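Residue numbers (my numbering): 462 to 950.
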């Protein structure tokens, strides 16, 4: 801004009367100054005049003013809204002419992230240059006025034609945080950030999975479910989960402990002590326990370094009796005999015929003496013309469990053969034919003398003697029949 200097030094400022709108002050020694304020060739009224910052008067309607007793080197300043008026330094008595110019006010502000210069009071049409400087981690985004971008260059020049409010906008440098992989949908916090901002990534809980950690460039940077860091550059993050092995349906049927799972290895504990490691999904209780016992079994599964949640099961295990060895079916004249081996410690046996149980102790009359095995006459429980299935279970007392079933024996039962008749004629024993008979077995005094399908046998019996003759008729699927009689020759 320019300053005009008078040739005579001034001493004290005071108005000496009402001239052109100026105030009158007491006369004292000093310079006396008169003048006019013009704007574009015409007087400018109501210009406020200050001497060394103290208001003294205002210009009249024609722009004139008069001031007395102005101290030497006093500075006169002139103010009127919308105008630029240069200050004048008083150095002598006299008249001064002051020129007012239209002004433009440029109010310049800056957002966080930088500084801007160039705002202020300018003469209309004067060229204004704005300059913006961003702080570290920020970038200049542009000059805005009235919400509109007017320039995106940090240095911007324009002609001052009207008052303006301009904001220099700064933004943080943008960085992108990307979460990649199949688990990206389970992560919150990814996206665009300003450089230097805090990034907070959080993973969701996933049923059946365990969160392992966060990786950047293949290296684990955190194992916490929430990972925070400062955004310094764009980065790609991987959230790693690992599937937790699952064990289900843990059960005990008295003989075996079984479960479902897809683990590589299972560990079984009994009352807190490890008793077995296996890759199978079932184990016979007899492999775990040698005596009857009860307690809590715990099982854990492992796969890929991960452990399943433990499952617990209360077991009451009783050792089983050994399985009776079934000898099979024997067809005798007394009926169909089912034989099986005896089992030590068995208190009874249950014979099953086509799934129907028969307690041997309740049918003592059906037990047949047999020194090598137990024999049970099952004829009365069979149906002629039907195929039957038989098996046996050894029955235990309260301290042990029944045995498992023996091997199954199957056979077709047609019923009983009719009884033959036998006679002696001229040294020949003859007998009647029996329907469905396959084999006739003839014995005299306990000695077999004939076996076949014929109906007679020549025998050399000595006269005067008595013989015991027995003829048995047999066929597959039938109970044999026989006749036994004494014959005197």
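Quick reminder that beta carbons are idealized off the backbone N, C-alpha and C, glycines included.
Nothing here was measured: the structure is a model prediction, and the numbers come from that model.
Nearest-angstrom Cβ-Cβ length linking residue i and residue j, presumed shorter than 8 Å
i, j, result
"residue 536", "residue 513", "6 Å"
"residue 867", "residue 787", "4 Å"
"residue 636", "residue 692", "5 Å"
"residue 783", "residue 853", "Incorrect: roughly 12 Å between the Cβ atoms, too far for contact."
"residue 856", "residue 810", "6 Å"
"residue 747", "residue 726", "Incorrect: roughly 22 Å between the Cβ atoms, too far for contact."
"residue 616", "residue 703", "Actually they do not touch by this definition, with Cβ atoms about 56 Å apart."
"residue 878", "residue 820", "Incorrect: roughly 30 Å between the Cβ atoms, too far for contact."
"residue 888", "residue 910", "Between residue 910 and residue 888 the Cβ distance is about 12 Å, and since that is not below 8 Å, they are no contact."
"residue 552", "residue 491", "About 12 Å; that fails the 8 Å criterion."
"residue 663", "residue 681", "So it is not a contact: roughly 17 Å between Cβ atoms."
Nonlocal neighbours in the same chain, by C-beta distance under 6 Å from residue i, ignoring five residues either side
i, result
"residue 850", "815, 869 and 871"
"residue 661", "650 and 689"
"residue 577", "569, 571, 593 and 629"
"residue 772", "708, 711 and 760"
"residue 493", "529 and 554"
"residue 827", "837 and 838"
"residue 582", "564 and 566"
"residue 803", "835"
"residue 730", "759"
"residue 697", "639 and 641"
"residue 745", "717"
"residue 789", "870"
"residue 540", "509"
N- and C-terminal bounds of the beta strand (DSSP E) containing residue i
i, result
"residue 536", "536 to 540"
"residue 402", "Residue numbering for the chain in the displayed model covers 462 to 950; residue 402 lies beyond these limits and cannot be assessed."
"residue 874", "870 to 874"
"residue 498", "492 to 500"
"residue 862", "Careful: residue 862 lies outside any beta strand (DSSP E) and carries neither H nor E."
"residue 671", "670 to 677"
"residue 690", "687 to 691"
"residue 509", "509 to 512"
"residue 769", "That residue, residue 769, is in no beta strand (DSSP E); it is neither H nor E in DSSP."
"residue 809", "809 to 814"
"residue 584", "581 to 584"
"residue 796", "796 to 801"
"residue 505", "Neither: residue 505 is in no beta strand (DSSP E) and is coded neither H nor E."
"residue 891", "889 to 892"
Close Cβ partners of residue i (< 7 Å) along its chain, the five nearest in sequence each way excluded
i, result
"residue 500", "544 and 561"
"residue 424", "No answer is possible for residue 424: it lies beyond the span of the chain, which begins at 462 and ends at 950."
"residue 482", "For residue 482, the predicted structure reports a pLDDT of 43, less than 50, and the residue's modelled location is therefore unreliable. A value from the coordinates is still provided. If we look at residue 482 and ignore the five residues flanking it on each side, its Cβ neighbours are 518, 519, 520, 521 and 526."
"residue 775", "757"
"residue 906", "928 and 929"
"residue 633", "574, 598, 599, 655, 656, 657 and 658"
"residue 916", "891, 892 and 894"
"residue 558", "496, 497 and 499"
"residue 626", "568 and 606"
"residue 669", "704, 705 and 707"
"residue 671", "702, 703, 705 and 767"
Residue range of the alpha helix (DSSP H) that includes residue i
i, result
"residue 786", "Unbroken run through residue 786: none, as it is neither H nor E."
"residue 527", "From DSSP, residue 527 is part of no alpha helix (DSSP H) but of the beta strand (DSSP E) over 525 to 531."
"residue 746", "746 to 749"
Collapsed DSSP secondary structure at residue i in the structure displayed
i, result
"residue 827", "helix"
"residue 842", "helix"
"residue 946", "strand"
"residue 520", "coil"
"residue 752", "coil"
"residue 565", "strand"
"residue 821", "helix"
"residue 466", "In this prediction, residue 466 has a pLDDT of 32, which is less than 50 and means its spatial position is unreliable; what the coordinates show is noted afterwards. Reduced to three states, the DSSP call for residue 466 is strand."
"residue 884", "strand"
"residue 836", "strand"
"residue 593", "strand"
"residue 855", "strand"
"residue 761", "strand"
"residue 683", "strand"
"residue 571", "strand"
"residue 666", "coil"
"residue 543", "coil"
"residue 878", "coil"
"residue 554", "coil"
Cβ-based neighbour list, residue i, same chain, cut-off 8 Å, excluding 5 preceding and 5 following
i, result
"residue 587", "565, 620 and 621"
"residue 779", "715, 753, 857, 860, 861 and 862"
"residue 912", "900, 901, 902 and 903"
"residue 846", "874, 875 and 876"
Cβ-heavy atom distance, residue i to the ligand SAH, below 8 Å
i, result
"residue 859", "Because no ligand of any kind appears in the structure shown, any question about the ligand SAH cannot be addressed here."
| field | Runs of beta strand (DSSP E) lying entirely within the stretch 599 to 663, each at least 3 residues, in chain order | value | 599 to 606, 609 to 612, 616 to 620, 625 to 633, 635 to 641 and 652 to 655
| field | Continuous beta strand (DSSP E) assignments of at least 3 residues falling wholly in the stretch 696 to 733 | value | 696 to 704, 709 to 713, 717 to 721 and 726 to 731
| message | Runs of 3 residues minimum, wholly inside the stretch 904 to 942: which ones carry the beta strand (DSSP E) assignment? | response | 908 to 913, 917 to 919 and 927 to 935
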